[in-house]
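Student: Protein chains in written order, with my numbering: chain A, 1 to 365; chain B, 366 to 730; chain C, 731 to 1095; chain D, 1096 to 1460; chain E, 1461 to 1825.
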Amino acid sequence: MGQLCGNLTGFTGRLMEAMSTENSTAPDGIEKADNCFLIEWTGYGPDGYEELTLNSVAAAKEKLAKYPVNWINVEACKDPLIFDQFRVAFNLHELAVEDCTTVHQRSKVEDYRSHLFIVTRMPLHMDSGETEQLGMFLGDRFVLCFQDEEGGDCLDTVRERIRKGYGDIRNHGSDYLCYAIIDAVVDAYFPVLNKLSERIDNLEDVILESDRKDISAEIHKMKREVLSLRRAVWPLRDAINTLVRDSHPFLSDTTRIYLRDCYDHIARIIDLVEMYRELTIDMMDIHLSMVNNRMNEIIKVLTVITTIFIPPTFIAGVYGMNFNPEVSKFNMPELNWFFGYFFALALMIFTSIAILALLRSKKWI
Amino acid sequence: MGQLCGNLTGFTGRLMEAMSTENSTAPDGIEKADNCFLIEWTGYGPDGYEELTLNSVAAAKEKLAKYPVNWINVEACKDPLIFDQFRVAFNLHELAVEDCTTVHQRSKVEDYRSHLFIVTRMPLHMDSGETEQLGMFLGDRFVLCFQDEEGGDCLDTVRERIRKGYGDIRNHGSDYLCYAIIDAVVDAYFPVLNKLSERIDNLEDVILESDRKDISAEIHKMKREVLSLRRAVWPLRDAINTLVRDSHPFLSDTTRIYLRDCYDHIARIIDLVEMYRELTIDMMDIHLSMVNNRMNEIIKVLTVITTIFIPPTFIAGVYGMNFNPEVSKFNMPELNWFFGYFFALALMIFTSIAILALLRSKKWI
Amino acid sequence: MGQLCGNLTGFTGRLMEAMSTENSTAPDGIEKADNCFLIEWTGYGPDGYEELTLNSVAAAKEKLAKYPVNWINVEACKDPLIFDQFRVAFNLHELAVEDCTTVHQRSKVEDYRSHLFIVTRMPLHMDSGETEQLGMFLGDRFVLCFQDEEGGDCLDTVRERIRKGYGDIRNHGSDYLCYAIIDAVVDAYFPVLNKLSERIDNLEDVILESDRKDISAEIHKMKREVLSLRRAVWPLRDAINTLVRDSHPFLSDTTRIYLRDCYDHIARIIDLVEMYRELTIDMMDIHLSMVNNRMNEIIKVLTVITTIFIPPTFIAGVYGMNFNPEVSKFNMPELNWFFGYFFALALMIFTSIAILALLRSKKWI
Amino acid sequence: MGQLCGNLTGFTGRLMEAMSTENSTAPDGIEKADNCFLIEWTGYGPDGYEELTLNSVAAAKEKLAKYPVNWINVEACKDPLIFDQFRVAFNLHELAVEDCTTVHQRSKVEDYRSHLFIVTRMPLHMDSGETEQLGMFLGDRFVLCFQDEEGGDCLDTVRERIRKGYGDIRNHGSDYLCYAIIDAVVDAYFPVLNKLSERIDNLEDVILESDRKDISAEIHKMKREVLSLRRAVWPLRDAINTLVRDSHPFLSDTTRIYLRDCYDHIARIIDLVEMYRELTIDMMDIHLSMVNNRMNEIIKVLTVITTIFIPPTFIAGVYGMNFNPEVSKFNMPELNWFFGYFFALALMIFTSIAILALLRSKKWI
Amino acid sequence: MGQLCGNLTGFTGRLMEAMSTENSTAPDGIEKADNCFLIEWTGYGPDGYEELTLNSVAAAKEKLAKYPVNWINVEACKDPLIFDQFRVAFNLHELAVEDCTTVHQRSKVEDYRSHLFIVTRMPLHMDSGETEQLGMFLGDRFVLCFQDEEGGDCLDTVRERIRKGYGDIRNHGSDYLCYAIIDAVVDAYFPVLNKLSERIDNLEDVILESDRKDISAEIHKMKREVLSLRRAVWPLRDAINTLVRDSHPFLSDTTRIYLRDCYDHIARIIDLVEMYRELTIDMMDIHLSMVNNRMNEIIKVLTVITTIFIPPTFIAGVYGMNFNPEVSKFNMPELNWFFGYFFALALMIFTSIAILALLRSKKWI
């Protein structure tokens, strides 16, 4: 319950009226206490606009008559009964309503004579590939939206346009509102992609500079996000393309020109997503190459230290042998040389330097 | 034989009647003893429904008249003679019947004027990519299904809908039943994919944490399953698309709208399968990267221990030389120093610490 | 010559008649001695069938009148003159005949008004990706086949169907025979793929269990075979699709329905070939991963042995130094301790155990 | 402001006139002081041509009447007000003007009855994959260009053609000018690709000869550039294809033939970009292979040095043991041999040579 | 100049006549001295054929009247003036002539009402992926070819066919000549591919047997050649497809059937090129795997030698310690054992054998 009511906070800054029309539905009000949910309604026309938060389907239905365009927005509704009330009140197709209740739909457009049903997915956060489903019914005088998640969405620009009357929106019909919403949804992907691009750049820097062990996991995570985004935007492109290409009674040709613009945006988004995908694939290769390079560095140092000390150690071993110099003048005469010790040390230093010179001549150090 | 009879257990909870119509086919009954197989028949219409388990094709044929929609389901039948009886009784096309007897068909739709023949593949288990073939004939008043394997299937939701009359199913024709079956088949992939997703997540965790030697085999096995699933779902999409796109006399436009919904589901399934495929490919890379990282860890420790001990060992070797201090004051005078031993030990410790400092300055330890 | 005659053995079990019609072509018979080649002719109709082995083009031409369908099969013919005789006798297009003489054609269908020319490739052996070219001319009353290689082919099922009259083949025209041949060719790929699948499974087992050096060469060889198969089956699909899709005067609609079935089979074959291709690509990765894993194993053991012995060796080196205990009580007093030797051995054992414990704590051994 | 004025330097060598028509817009002039921007106008016809630098939209509008073709070029304009003036003056579509103000558009063609709107991207520098957006409006008598960046562009060849009257350009309409601009944009990619090809060749040489650590970063950078170029040229191909394929009232068939030529050029560019992409992918593999080869070289030398010194060191250790030769004739009798020392040295040299011979027999050194 | 004259040697074995028609163009002759270039002209018809080497465009133009088919071949012409003469004389389209002068065109077909313009690329050498551009104009009575490079080409078979009258070529029109040239160009790829296939096979053998350091560079070079070939043949396929598919006034239906044959050949060539591409990609993996395997071999030997000598060296170190046996009976009593030395040697041998046994039990040696 609190979950459904919770979206009240999402409506911050909007009018919340005790509506007289609601008073007549007192018994509904009681039921509402159990099952509190709120309908964000915005009606507008060339003459003005009005925003209300309603709490019953019947109230929303009643509002339709007043303005030529009515935007009804429902957030995070999970109650099948309410969906059914909407179905009856707005004469929606059963399958479309069902699709709204299941939350992992792909973006698509479906034409049920009396209304168009459009599913889109909008990004949830700036910094992940997660998306939220937005089911939209476009009818003669209304656009009915069902958002999957409560809380903030990317449609505030649309609300602002209606309030301020920007872009002549109030003189257009419900199809233009539908375009405005789709446009807002599509444009909401750009900040996500910018954020992603930034993170990819950061990760690339990290890859080139460090060999933290968790990097391959991080690259994999990023790739999953890109794949997830990709899975969201490709069907969106197809859906918008359907809207642009096919003629629908509710979509004026003018609006279709605007939707063509959305199509260009989503095409650009797809270009970027595909590019990021290639880059993430690439990053794994670079990471492995970097790890390899660092290992080479370590192996090299080991080589140098080991190969520098091995010959002197051998020489020390030789002069540590216990051959008896007394039984033969050939038995380790160096041991009795006046500068024998210095000779041995010189031999050691010479071999070490020789090895070093060899390694340097090969450009290994 | 027992194999054919075995599917009786699959019919648990359904009515098993001694039918009067069967009594007249006593000679068949004798042959049946040898070749026991059972036909699950469900007839329904707006007025009611009836479920029976029949044991001859003739009986099934006879039942057709009573209800407007008849669902005849045959499991794991391998006997060509029975297929031939069905072919004659229901006027099926020879090629379609042949396809039912071979068990590795791809999903497809074929239009033989008097009936539609639809092959789909439904998942066998939750935790593998294996699928079972379901051949379906859609005729005027009947849907005739041949399942490849005996035992449970994913059609119980359809049976339940018929029994309970959910979704108005009893008021629709056989094409709606056909849709309901395809819908059930398609939706049966979702739990399989959920399970797969879980297993992929688990495997990813294992990959990131351990270097078990059998992991690459396991990734390969998972990839095979994904490939196998993929091979099942792509043709299914094409088949459903054919149903949605092409107009057939037995498929009403209403049902085609419902099938469009199936199409969306299968498109989503394909999205997921393709994503899982990418992830499994990726996992191999991560696994190799992890194995590499661990090897680097080991090599590093070896490097450290070896390079720390090599210089002191060399110093010990030097002072183990047997140069005679008596013949010259330059021959290893340290041996006779008062703090010679401490000097040597200090030298050893110093070189070790110097090496350690070098390694640490390179951030290798 | 012997090469051309050699296919007589390929006709084992078939009738070989001294034909009266051949007697009149005695001068041909002399030329035949130089250039012996044999034409396998099968004529049939609803009323019966006849099989003969002819040795001149003229004889084959003469046979056409007797039966409504005539199958003329020529194996491993390389002589351009004979091809030219066929060209004239059957009114074939020059380009099509040329294609028959060059043996690396892709599968295709070409419509020369008076006849259809179909090239397919059939598998040569069960255990390789090699294929043999089969050029086929479909005319009004005849199917004329040119096989590239002598010896066995995959068309025995067709011969059997004609002899036994299975599948009503004798009541159909030459287009049905053409379908039957294509069907036999397509189905001949299934055993090849089964064999391949088996070999892939075997190779996977070998890869997971051993590190034989020749495995990567073997995987490469298998991949080449898969690529070669792939190169054979993709054009075959296109060719069959052309037959199914385009209407030709010689192809009845009924036969086109049968060819649709062939198309499904070839689509399945392509699915499998593509899957095997992915698996072979994957196998190389797994092989490399396995080789890497084994190398890690070896490196680990080296690490353990080396790092266990290095510190004790150092300690032994310390107590092998020759510092003079007589000049100072600080010079290696351990040498004169009562349990000095045991102390040193204990030190050695302790450091080794400490290293082992360290390695075990890291789970490296 | 300075930013807008800055493009004056880009107009070097062109006429800069104080126009009388501007005098009447004195108040504009004041606003201009704040918001200085310049419009490069070129008008031409069969009879002559004229080039001016204007500083108001109104002035540009006025010029249209004089010549049949007018090219108006605006660089780096960011002021929405100016865009709006253009929109009103030239009757442009709001969406198209919006697209000009956002700088990351994909290349595209949009048909707004009264004008065609074409977005292309032209390369910024010779040595990077960066591109600059060029929005172009093709109207009845004008081509209106908005360049994203100030400074030099690739359109000087077009300017030269107009001045010199090459290629009969002055006898063609505005569509031919539009073609000439697109042609210049497309051809501007060739030097970029040549430069890129050179850099790829250089990088390949570097890869094959050195193991600099930053190479993988460099390859990655180059790949990003190629991807970025690719992202610019693919949509450009689609846009030009649209112009070639679809008939527009402003595009004569003759011009469409010329555009077909552009299409061939862009197709060639795409071929090259795709090839470079494959080569960059490949380079990473080669780089890793080279790094691996060099590591093998180092490991080999380590192997040789270590394995050559280990056995002699062991022998020296043996003869450094302190077994007492006095208690037994079996205790290290070599120590008292006359040639004991030489024997030991010979043994050491022999084992080293044996090891060397073994390594050489394996062809490792 | 000498460059243009140089192709005279390319015409070896052809007639070189001092033509009377040329005498009238004496002033041209003088200009010719500066700008010597030669036109290979072949005219033929059902009644005969004639071959000449002309030296002016006008002469070539004059020749057109005599024979129904005229083949004019110009090699390595770089002079824009001559191209312009051709343009005027043969009424060619400006764009097509421009394309001839730029040497990196993709294969294409362009229909300029009065003539077809066809660009193809023919292989330059047997052993590289380089190609030479061949621009071809197909007009009513002529085929005009511009070859990019002087020297030999792959069109000698066409010349031979005309001379000998093979394949009825003299009874066909210029479109058939055009087909014959395209056919010769396409077939010229087969020897190149055979050579490539041989080189790939050789390289594979080298890869499997040696670890030469330059192999990865060689594989990369081969891949570049394959990519370059691929870039030449794909557009060629499209161009031929255009000829086959679209009807052109100059291309008779009969010739289109012949071109279909060319299309099959080029499709086969593409199949092969794609296969070689996959194989070259694969070869890099195998090469790396081989290098890895050899490194494993080396590491193994190092492991064995090192681990065999380390424990004995340690033992020698132990008995080289200087603990004083006189102060305690526990201090290294072995030194005074009768068989102490043998005991130590036995210990060393035993540990070495134990290590060897361990390694062998793991199947590492």
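Glycine is no exception: its CB is placed at the ideal position from the N, C-alpha and C atoms.
What's the call for C/Gly-1047, buried or exposed, on a 16-neighbour Cβ count within 10 Å?
Tutor: It counts as buried.
Student: Would B/Thr-496 be called buried (16 or more neighbouring beta carbons within 10 Å of its own) or exposed?
Tutor: Buried, because 16 or more other Cβ atoms sit within 10 Å of the Cβ of B/Thr-496.
Student: Mark D/Met-1221 as exposed unless 16 or more other C-beta atoms lie within 10 angstroms of its C-beta, in which case mark it buried.
Tutor: That one is exposed.
Student: Output needed in chain order: residues of the segment 1337 to 1360 of chain D with a Cβ under 8 Å from some Cβ in chain E.
Tutor: Against chain E - using a Cβ distance shorter than 8 Å - the residues of the segment 1337 to 1360 of chain D are Ile-1352, Tyr-1353, Arg-1355, Asp-1356 and Asp-1359.
Student: When you compare only the Cα positions, how much space is there between B/Met-655 and A/His-287?
Tutor: Each residue's alpha carbon lies about 12 Å from the other.
Student: Checking contacts by CB at 8 Å: is C/Val-1048 closer than that to chain B?
Tutor: Output row for C/Val-1048: interface = yes.
Student: Please report the straight-line C-alpha distance between D/Val-1339 and A/Leu-95, rounded to a whole angstrom.
Tutor: Their Cα atoms are separated by approximately 43 Å.
Student: Using the Cβ count rule (16 or more neighbours within 10 Å means buried), how would you classify A/Arg-268?
Tutor: A/Arg-268 is buried by the Cβ-count criterion.
Student: Looking only at its own chain, which residues have a Cβ that is under 6 Å from the Cβ of D/Pro-1330, when we skip the five neighbours before and after it?
Tutor: Within the same chain, D/Pro-1330 has close Cβ partners Arg-1201 and Ser-1202.
Student: Quick one, are the C-beta atoms of E/Val-1529 and E/Ser-1634 less than 8 Å apart?
Tutor: Closer than 8 Å, so yes.
Student: Just checking: is the beta-carbon of B/Phe-708 within a distance shorter than 8 Å of some beta-carbon in chain A?
Tutor: By this cut-off, B/Phe-708 is not an interface position.
Student: Can you pull the chain C neighbours of E/Ser-1749, defined as C-beta to C-beta under 8 Å?
Tutor: Result: Ser-946, Met-1014, His-1017, Leu-1018 and Val-1021.
Student: What residues in the segment 954 to 967 of chain C bring their beta carbon closer than 9 Å to a beta carbon of chain E?
Tutor: For the segment 954 to 967 of chain C, which is checked against every Cβ of chain E, the residues closer than 9 Å are Arg-954, Leu-957, Ser-958, Arg-960, Arg-961, Trp-964 and Pro-965.
Student: Could you check whether the Cβ of A/Leu-279 sits closer than 8 Å to any Cβ belonging to chain B?
Tutor: A/Leu-279 does not count as touching chain B.
Student: Going along the chain, which residues of the segment 326 to 338 of chain A sit with their C-beta nearer than 7 Å to a C-beta in chain D?
Tutor: Residues Val-327, Ser-328, Phe-330, Asn-331 and Met-332.
Student: Measure from the C-beta of A/Phe-137 to each C-beta in chain D and report whether the shortest distance is under 8 Å.
Tutor: No, no contact with chain D.
Student: Using only CA atoms, which one of C/Leu-938, C/Glu-939 and C/Arg-929 lies nearest to C/Lys-953?
Tutor: Comparing Cα-Cα distances from C/Lys-953 to each of C/Leu-938, C/Glu-939 and C/Arg-929, the minimum goes to C/Arg-929.
Student: Excluding five sequence neighbours on each side, which residues of the same chain lie with their C-beta closer than 7 Å to the C-beta of D/Ile-1048?
Tutor: The requested residue 1048 of chain D is not part of the displayed model; chain D covers only 1096 to 1460.
Student: Give every residue of the same chain whose Cβ lies closer than 8 Å to the Cβ of B/Leu-700, excluding the five residues on either side of it in the sequence, and list them in chain order.
Tutor: The residues are Tyr-684 and Pro-690.
Student: On the criterion of 16 or more Cβ atoms from any shown chain inside 10 Å, does D/Met-1378 qualify as buried, or is it exposed?
Tutor: Buried, by the Cβ-count rule.
Student: At 9 Å on the CB atoms, spell out the chain E contacts of D/Asp-1282, in chain order.
Tutor: Neighbours of D/Asp-1282 on chain E: none; closest Cβ ~10 Å, over 9 Å.
Student: Using Cβ-Cβ distances below 8 Å, what residues of the segment 1564 to 1582 of chain E are close to chain D?
Tutor: So the close ones are His-1564, Gln-1565, Arg-1566, Lys-1568, Glu-1570 and Tyr-1572.
Student: Please return the same chain residues whose Cβ sits closer than 7 Å to the Cβ of A/Ala-357, not counting the five positions on each side in sequence.
Tutor: If we look at A/Ala-357 and ignore the five residues flanking it on each side, it has no Cβ neighbours.
Student: Between which two residues does the alpha helix (DSSP H) containing A/Met-321 stretch?
Tutor: No alpha helix (DSSP H) holds A/Met-321; DSSP gives it neither H nor E.
Student: Taking the continuous beta strand (DSSP E) assigned at D/Cys-1195, which residues delimit it?
Tutor: Looking at the DSSP string, D/Cys-1195 is not in any beta strand (DSSP E); the run it does join, the alpha helix (DSSP H), is 1189 to 1196.
Student: How is the alpha helix (DSSP H) around A/Trp-41 delimited, first residue to last?
Tutor: First-last for A/Trp-41: 39 to 45, but that is the beta strand (DSSP E), not the alpha helix (DSSP H).
Student: For B/Gln-498, does the three-state DSSP call read helix, strand or coil?
Tutor: Three-state result, B/Gln-498: strand.
Student: How would you label C/Thr-1033, buried or exposed, when you count the other beta carbons within 10 angstroms and need 16 or more for buried?
Tutor: The residue is buried, with at least 16 neighbouring Cβ atoms inside 10 Å.
Student: In whole angstroms, what is the alpha-carbon distance linking B/Leu-446 and B/Val-422?
Tutor: Rounded to whole angstroms, B/Leu-446 to B/Val-422 spans 11 Å at the Cα level.
Student: Could you tell me how far apart the beta carbons of E/Phe-1710 and E/Leu-1598 are, in whole angstroms, since I believe they sit closer than 8 Å?
Tutor: Rounded, the Cβ-Cβ distance is 6 Å, consistent with contact.
Student: Counting Cβ pairs closer than 8 Å, one from the segment 771 to 782 of chain C and one from the segment 888 to 895 of chain C, do we hit at least three?
Tutor: Yes, since at least three Cβ pairs between the segment 771 to 782 of chain C and the segment 888 to 895 of chain C fall closer than 8 Å, the two stretches touch.
Student: In whole angstroms, give me the CA-to-CA distance for A/Phe-190 and A/Ala-184.
Tutor: Distance between the alpha carbons of A/Phe-190 and A/Ala-184: 10 Å.
Student: For C/Thr-1081, which residues in the same chain have their Cβ closer than 8 Å to its Cβ, ignoring the five residues on either side in sequence?
Tutor: The residues are Pro-1041, Pro-1042 and Ile-1045.
Student: Looking only at its own chain, which residues have a Cβ that is under 7 Å from the Cβ of A/Leu-155, when we skip the five neighbours before and after it?
Tutor: Cβ within range, chain order: Ile-181 and Ala-184.
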